[in-house]
Every structure is written in C-alpha cells, then in structure tokens.
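Residue 13 is where the sequence shown starts when you use my numbering, and the numbers rise one by one after that.
A quick write-up on the structure given underneath.
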Amino acid sequence: MGYIIKNATLVNEGKTTLASVVINGDKIGKIIFGKNDFSGGNVIDASGLYLMPGVIDEHVHFREPGLTQKADILTESRAAVAGGVTSFMEMPNTMPQTTTQELLKQKYDLASRKSAANFAFYIGATNDNIEEITKTDPKMVCGIKLFMGSSTGNMLVNEDEALVRLFKESPCLIAAHCEDEQIIQANTLSYKDLASKGDVIADARLHPLVRTAEACYKSTAKAVDMAAKHGAKLHVMHISTKSELDLFRNDIPLKDKKITAETCPHYLTFCDKDYEERGYAIKCNPAIKTASDRSALRKALSDGHIDTIGTDHAPHLWQEKFTDGYFTAKSGFPSIQNSLDLMLSLYHEGVVTLPQVVRLMCHNPAELYQIKDRGFVREGYFADLVLVDLNQEKRIRNADMLYKCGWTPYEGMTVKSQVTHTFVNGNLVYHDGVVEDNIFGKPLEFNR
C-alpha cells in the first residue's frame, strides 16, 4: 500500500515548507507544496508534524556476530527505526572481526534477514590485510575502518608501512578512530600506579585524564597529514576536542572536501562534570572531555568544521560497565534510539537550526558516502522518511529502550520532541510506539 503524508512541515535541503509527499512503492512519487485535502485510508494527516529524510547513522556497533549477548542486528535496528534512523553503517570489531571479504559477505547476508533499517558494513583494516582491502567493492561497501588507537583484537594499525599502503591504495573512504596508543598506555600505567598507592580514586572521572585531548590531537593530526599527502578520502570519527577542529577546513563545500569530521550526540550533551553523576554509564572512547570542548563542538555544527553526526552506538551489558572499577569497566554505550531526540534538543536550545540538524544527520552522510538515492526528500528517491512532533515532551527511560542490553546513558533526561512515524523504503515500520515485524531494509548502494 502506498501512503500519502499530507500537510507536513517539510524540512529538506535548507528549507522549511508546508508539503505533502506521495509514496509509490519504495520511492517518493511526488512532492506537492502547499495545503492539500487528500483523504482515504492510506493518508496520514501530518498537520503540525515535521517531515524530514530518515537519519543515516554512519557509525554503529551492533555486535553481531559473536557478541550477541550485548546486542544484535535485529534488536538494534528496531531501536534505530524507533528513533528515526532509517539507515546504518556498522563497524567491523565483532567476533570474528570483519577483516576479509568472506566475513563481510556473511554480515550482509545476516542483515538482509534481520535488519529493520537499511544497512552497510565497513571492512576493518589491520597491519597485514591490505590485499583484502583492495578487493572491496566501493559500490556496495561504505568504507574502510581504521583504528589508530586501542581496539579489539589485532585491529590497531600502528605500523607506518601498513598505514602508508592503506592511505595510498584504499578503494573508498577511510573512517578513522584517532587516539595515540603510546600516550594512552603511558597514562594508564601512571594512574594504575597512583591508584595502587591510594593517591587517586580509580573511578570514571579518570577517563579524560587517561584518554586525553593530547592523545586525540596527535593521532588525528597524523591521520590528516597522511591523507593529505597521499590524496586519500579520510573521515575522522567521534571528534571530542576543541583542538582537533583546527585540523579540518570549513571554507569549502562538503563535495570538495577529502578530509572530514564527525562528532556524536554525547560529546554535545555531556562534559567531564557529568562523570560525577553518571559514572561509567558515559565511559566511552574517545573520552567525553571538558565543557569548553563541548561548547566548541556545538559551535562547529554550524560553522562547517563538523560535517556529520554519528552515534558510535556501542552496547555493553550493564554488569560489564560496573565491574571491578575504572580499569576493567567497558567503554561504550547504546544511543541510536535517542540520537535524533538529542539533536532536536539542541535545536530547542538554539544551538542549531532544523535545516542544520537535517544536513548533519541526513544530507551530509548521503553526500559524503555517495549513497545512491537516499538522504534527501526528492522525487524518485527511496521513501526513507521520519515524522516528528516537536512539541511532545518525553522523559528518556531505560524501560522504553529497545536495545538488547536494556539501558541508556540518557536515563532520566527530558527531551522536547518525539518521533511519531518512520518509513523505510516506503514501508511504515514504526508508528504509535510500535515497530512492525517482518519488514526489512535493503543494502545501501554507493555512487562511486
């Protein structure tokens, strides 16, 4: 059944206008501007609601295969569509790690049977898998994930020869986690020694002192320098510091950039003072830094230094977060169900405009990754759409999360907006608080 979404306030391509959208099959058939009087069973009256493209989250960890006690593609994709995310790109640090073409294919096969949202997967770089990397099909794979800091298994790429080959030969975008491993390890040893002597309390407040702004800047600067030298397309993920922003250009349009930056809602929401209240719940890598860093990142949303928003959705079981103290507590947390809520909270605070939210979460990921026919509300594009009530306040609660791990670091926070409907490929997959069963997304395709 094709739907007609009538009389919504459409936020798209820098404009906010009254419009109706006619869905034909999996595509947007027609956009009609102005007030309309459509009627019938397949008509959704969106008067008072805001319509935007579905969010594209370029940075998630859904933990399948091998870590499905924490999360899996089914549960996390259902949480995604409940939060207005219609497409995701998933990271390779699963078990086994996605570092070969065969393992990559297995993930795509899994998602085709399980994912409520559209999907793509990164292949992971190691010190010795460049031959596998060069086999990657850039029309079907979103990018190459590069860990230039701590990671699971053998995915830390710390040999200069391997890095040079990767930056020279990568067939598509390199998405990098940048933290200097030597700085982190030295800080870890130092604080372990201090804690053993009773000179410091080894709790979550140590995290930005161990994984410092210096560690982020040094690694990011190295990645940016190598990308510039070898002409690679580099996207530095989860920027957390003010100092790193100066490494990125804001004087040219996105289409002309080869080196770009992402940040995440948690770096825009929390600061180091929040470790006191939320503790290990907000422990993540890179660490959440100072209020000054948060302010700079917020400003960068509108000045062009930050190009995209990703969540770094990384679920762990609650008991893994609160085990034997700082040095064993897992880093990472779930967030995809509330990412749009949190960015719209910044709109309500006057930090960003609605078109800027849509640009950062929908248009720019589509343009940066060259996703085919998604990320915009355009005739002939896939009908990945979200309706939002900007005046429906809600309290974020663990009980309402669809994550397999069952908790959120945003527990107890109040947001002022609510996703009411999510369409994926023309299918109404979420409405009235319910995710529909047996509706599955499609693999993303790339115009490369």
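Even for Gly, the Cβ is constructed at its ideal location relative to N, Cα and C.
Computed from a predicted model, the values in this text were never measured in an experiment.
For P108, there is no enclosing beta strand (DSSP E), since its DSSP letter is neither H nor E. Scanning the segment 203-253 for uninterrupted beta strand (DSSP E) segments of 3 residues or longer gives 246-248, listed from N- to C-terminal end. Secondary structure within the segment 63-104: the beta strand (DSSP E) runs of 3 or more consecutive residues, fully enclosed, are 67-72, 97-102 (chain order). Taken in chain order, the complete beta strand (DSSP E) segments of 3 or more residues contained in the segment 151-201 are 155-160, 186-190. Fewer than three beta-carbon pairs drawn from the segment 440-448 and the segment 359-377 are found closer than 8 Å, and the two stretches are therefore not classed as touching. Exclusion of the five residues before and after A341 leaves A216, Y292, K295, E332, K333, F334, T335 as the residues of its chain whose Cβ lies within less than 8 Å of its Cβ. The closest CA to that of L206, considering only V222, L259, R90, is found on V222. One Cα belongs to F45, the other to A31, and the distance between them is close to 4 Å. Straight-line spacing of the CA atoms in G392 and G60 works out to 25 Å. Of the residues assessed, V176 falls on the exposed side of the cut-off, its CB having fewer than 16 other CB atoms within 10 angstroms. Secondary structure at P327: coil, using DSSP grouped into helix, strand and coil. Per DSSP, H433 lies in no alpha helix (DSSP H) segment; the continuous beta strand (DSSP E) that holds it begins and ends at 430-436.
Its Cα nearest to that of G243, the residue F179 stands out among F179, A174, A123.
With respect to the 8 Å criterion, N48 and V370 are not classified as neighbours on the basis of their beta carbons.
In this structure, DSSP gives L399 an extended state, which the three-state scheme calls strand. The segment 186-198 makes contact with the segment 240-258; the number of CB pairs closer than 8 Å reaches 3 or more. Per DSSP, the continuous alpha helix (DSSP H) segment holding S124 begins and ends at 113-126.
Note on geometry: alpha-carbon atoms of G95 and A83 lie some 17 Å from one another. Residue state for G136 is assigned as strand, using DSSP reduced to three classes. Taking 8 Å as the upper bound for CB-CB distance, V400 and Y62 are in contact here, some 5 Å apart. Annotation for S32: the continuous beta strand (DSSP E) segment containing it runs 27-36.
With a contact defined as Cβ atoms closer than 8 Å, F131 and G453 qualify at about 6 Å.
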